[in-house]
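Undergrad:
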Amino acid sequence: MQEYLDFAARHPLLTMVWLGLASAVVYTSIISRLSKVKVVPAQEAVMLINKQSAAVVDIRSVEEFRKGHIAGAVNVPHAQLKANNLNLIEKYKDKPLVLVCESGMTTASAGRLLSKAGFSQVFTLRGGMTDWRTQNLPVTKR
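For the numbering used here, count along the sequence shown from 1 and bump the result up by 28.
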């Protein structure tokens, strides 16, 4: 234990950086475990769609959506969600809902918005459409 204290005394900046990073990891872990929005890999999303009739909501722009999306997905751009324009997906409040973006980063904030709006089963696709395509899962342009 004394070695750790000596190290911290000799390298205070490095110690502070390490403690900050460790705190961030702990905080992120706790928040993700307590979150009502769950992140799922592509295979689990397929199971939700096929076995539980989950609705797929693609929050990318209309242009990105037209370039290719998951079959049956509803396009509600993230800006519309932020403006609380939920008309297209209101009917899915009590059904599983899989949110999709390009890389999986934008869906976290969208998931929190929908959870606060009363959607009970919100999932986000880990890796977004990028991961979906990488796994050679079907994409449609219709």
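Note that the Cβ used here is the ideal one computed from N, Cα and C, for glycine as well.
In the DSSP assignment, the alpha helix (DSSP H) including residue 93 goes from what residue to what residue?
TA: On the sequence shown, residue 93 is found 65 positions in, with the first residue counted as 1. Run containing residue 93: 90–95, per the alpha helix (DSSP H) assignment.
Undergrad: Let me make sure I understand the geometry here. Which of 59, 41, 40, 147 has the alpha-carbon closest to that of residue 173?
TA: Residue 173 is absent from the model: the chain starts at 29 and stops at 170.
Undergrad: With distances taken Cα to Cα, identify the nearest neighbour of residue 166 among 136, 85, 74.
TA: Taking the first residue of the sequence shown as 1, we reach residue 166 at position 138. Nearest of 136, 85, 74 to residue 166, Cα basis: 74.
Undergrad: For residue 37, which residues does DSSP report across the bridge?
TA: On the sequence shown, residue 37 is found 9 positions in, with the first residue counted as 1. Note: residue 37 sits in no beta bridge, so no partner.
Undergrad: Just to check my reading of the structure: residue 124 and residue 151 have Cβ atoms closer than 8 Å, yes? What is that Cβ distance to the nearest angstrom?
TA: Here the question's residue 124 lines up with position 96 in the sequence shown. Here the question's residue 151 lines up with position 123 in the sequence shown. Right, the Cβ-Cβ distance comes to about 6 Å (below 8 Å), so this counts as a contact.
Undergrad: Let me make sure I understand the geometry here. Which of 135, 97, 64, 100 has the alpha-carbon closest to that of residue 109?
TA: For the purposes of this step, residue 109 is identified with residue 81 of the sequence shown, where counting begins at 1. Closest option to residue 109, Cα to Cα, is 135.
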